[in-house]
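Each remark here refers to the structure printed beneath this line.
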Amino acid sequence: MKNSIGALLFALLFGLAVGGQFGCVDRSVDPLTVTLVPSVTSGVAPLTVSFAAERTGGRSAFDFNWSFGDGVDATGQSVSHSFTQGGSYTVTLHASDSGGRTAVDSVVIEVTGNDPPLIAVSAVPTGGIAPLDVDLRCEVAQGEGPFSFVWQFGDGHAASVQHPEHTFDEPGVYSVVVLATDATGETVSAITQITVGSDFTPGLQISAAPMSGIAPLEVQFDSTVHGGNEPLTYAWDFSNDQQIDAEIPTPRHLFETAGEYPVRLSLTDADGDQVEDTLTVTVSEDTSPTVTATATPESGPAPLTASFNCQVTDGNPPFEYLWQFGDDNESTLPSTLHNYTEIGTYSAICTVIDADGDASSDNIVIEVLDPDTGTD
Ligand SMILES: [Ca+2]
Ligand SMILES: [Ca+2]
Ligand SMILES: [Ca+2]
Numbered sequence: 033m034k035n036s037i038g039a040l041l042f043a044l045l046f047g048l049a050v051g052g053q054f055g056c057v058d059r060s061v062d063p064l065t066v067t068l069v070p071s072v073t074s075g076v077a078p079l080t081v082s083f084a085a086e087r088t089g090g091r092s093a094f095d096f097n098w099s100f101g102d103g104v105d106a107t108g109q110s111v112s113h114s115f116t117q118g119g120s121y122t123v124t125l126h127a128s129d130s131g132g133r134t135a136v137d138s139v140v141i142e143v144t145g146n147d148p149p150l151i152a153v154s155a156v157p158t159g160g161i162a163p164l165d166v167d168l169r170c171e172v173a174q175g176e177g178p179f180s181f182v183w184q185f186g187d188g189h190a191a192s193v194q195h196p197e198h199t200f201d202e203p204g205v206y207s208v209v210v211l212a213t214d215a216t217g218e219t220v221s222a223i224t225q226i227t228v229g230s231d232f233t234p235g236l237q238i239s240a241a242p243m244s245g246i247a248p249l250e251v252q253f254d255s256t257v258h259g260g261n262e263p264l265t266y267a268w269d270f271s272n273d274q275q276i277d278a279e280i281p282t283p284r285h286l287f288e289t290a291g292e293y294p295v296r297l298s299l300t301d302a303d304g305d306q307v308e309d310t311l312t313v314t315v316s317e318d319t320s321p322t323v324t325a326t327a328t329p330e331s332g333p334a335p336l337t338a339s340f341n342c343q344v345t346d347g348n349p350p351f352e353y354l355w356q357f358g359d360d361n362e363s364t365l366p367s368t369l370h371n372y373t374e375i376g377t378y379s380a381i382c383t384v385i386d387a388d389g390d391a392s393s394d395n396i397v398i399e400v401l402d403p404d405t406g407t408d
């Protein structure tokens, strides 16, 4: 009895356990599998692809849910989808049956974009002197290769390679056009301009400011160029030793010591035409003026008119003059007439100031006599 109760209890517990764990599953059904079969796996946009779900196992009814990887979903065992943009799309199929079984498969669809070609055209050089050899390039991004190219050089000549070389024989401004066509017939164009010039000889004139002065003298040089073919090369020689001292159009130069300096600029244009111009910079020693004052006559009866002259040697011109006649009258002329009305003895002083401020003076005594007595 004890055994039979135990057996019953065991059978009851086992039955509950089995029922609880496996009671809802029909183990006679094969596992659900699904295979995603696309009509194609690559192509050019817009690309329409048919998809079929090949199923085994499971139990009817079945659901097939598709996700195309571009935000679009669909249902059904056979579906079709159009990919409008280039890209790599993972298409996923989720299958499920009435028993809650699920299966998944996926495939990648490669879609080539059908954007028109994007091109950039370049030329080296973009200008120069005829005859001018130019390397032209057409770089392509996107679009569907292979590409074909048609170049029109603007001078009646054409080419059909991607990177042509062309010689422009005559001066002129040429609009070079390239047409690029991709495999789907999309055509785009680009344009660049080539300027072909004549061979010109430059004209040159140089100047200096100041042209002369006292050592040390800093001078600003300038050059005026007419014509010639760019780029221009400048070669200044400030020291007359045939060695180049500056290579810019408007150099400055410091002349340390007194002297006469022949300055030369040699100018060479792009194709080797060479011209030169020269000038002379005069650099003086710093000296002080020496002044000699004279008057004619130096004496005579009042009223006395005398001719005054102030002579300068040495010093650095230009000079400033100041005559002080001793009777409160002055003049800034080096040579002048002055009239004394009063009887007396006067010291007439001439003062000279040179360009850098050195001053020197000389005086002369003028006697203005009593016209009656002949004395002062
Ligand atoms: Ca030239
Ligand atoms: Ca030199
Ligand atoms: Ca001086």
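Here our numbering is used: the sequence shown runs in plain steps of one and ends on residue 408. Ideal placement from N, C-alpha and C gives every residue a C-beta, glycine not left out.
| query | result |
| --- | --- |
| By a C-beta neighbour count over all protein chains shown, 10 Å radius and 16 as the cutoff for buried, is P78 buried or exposed? | exposed |
| Looking at the structure shown, is H195 part of a helix, part of a strand, or coil, going by DSSP? | coil |
| Between T300 and T224, what straight-line distance do the alpha-carbon atoms span, to the nearest angstrom? | 29 Å |
| Taking contact to mean 3 or more Cβ pairs, one atom from each stretch, closer than 8 Å, check whether the segment 211 to 223 and the segment 249 to 257 are in contact. | no |
| Which first and last residues belong to the beta strand (DSSP E) in which I226 is found? | T219 to G229 |
| Skipping 5 residues on each side, what residues in its chain have a beta carbon closer than 6 Å to that of H258? | G235 |
| Establish whether the CB of G291 and some CB of chain D are separated by less than 8 Å. | Any reference to chain D falls outside this structure, which holds one protein chain only. |
| Any heavy atom of ligand 2 closer than 7 Å to the Cβ of D273? | yes |
| Who sits around ligand 1, taking every residue whose Cβ is closer than 6 Å to one of its heavy atoms? | D231, F232, T233, G260, N261, D301, D303 and D305 |
| Would you tell me roughly how many angstroms separate the C-alpha atoms of V313 and N261, rounded to the nearest one? | 29 Å |
| Out of curiosity, what's the CA-to-CA distance linking F83 and V69? | 6 Å |
| Please indicate yes or no: does the CB of S320 lie closer than 7 Å to some heavy atom of ligand 3? | yes |
| Secondary structure at Q117, three-state DSSP: helix, strand or coil? | coil |
| Check whether the segment 364 to 374 and the segment 336 to 355 touch, using three or more Cβ-Cβ pairs below 8 Å as the test. | yes |
| Helix, strand or coil: how does DSSP classify S128 here? | strand |
| Determine, using beta-carbon pairs with one atom in the segment 87 to 103 and one in the segment 121 to 129, whether at least three such pairs fall under 8 Å. | yes |
| Following a CB-centred definition, is D277 positioned closer than 7 Å to any heavy atom of ligand 3? | no |
| Which of the three DSSP states, helix, strand or coil, is assigned to Q409? | Beyond the ends of the chain as shown, which are 33 and 408, falls residue 409; an answer cannot be given. |
| Quick one: using the 10 Å Cβ neighbour count with 16 as the cut-off for buried, is L286 buried or exposed? | exposed |
| Going by other Cβ atoms of all chains shown within 10 Å of its Cβ, with 16 needed for buried, is L150 buried or exposed? | exposed |
| Would DSSP call H189 helix, strand or coil? | coil |
| Can you grab the Cα-Cα spacing for the pair T67 / A135, in whole Å? | 9 Å |
| For a test of your reading of the model: does the CB of D269 fall under 7 Å from any non-hydrogen atom of ligand 2? Yes or no. | yes |
| Is Q10 helix, strand or coil when you go by DSSP? | Outside the modelled stretch of the chain, which goes from 33 to 408, sits residue 10, for which no answer is possible. |
| Between the Cα of E197 and those of L168, P281 and S298, spot the shortest distance and give me the residue it belongs to. | L168 |
| The beta strand (DSSP E) that contains S60, what's its start and end? | From DSSP, S60 is part of no beta strand (DSSP E); its letter is neither H nor E. |
| Looking at the structure shown, is L365 part of a helix, part of a strand, or coil, going by DSSP? | coil |
| When you compare the CB positions of Q174 and G145, do they come within less than 8 Å of one another, or not? | yes |
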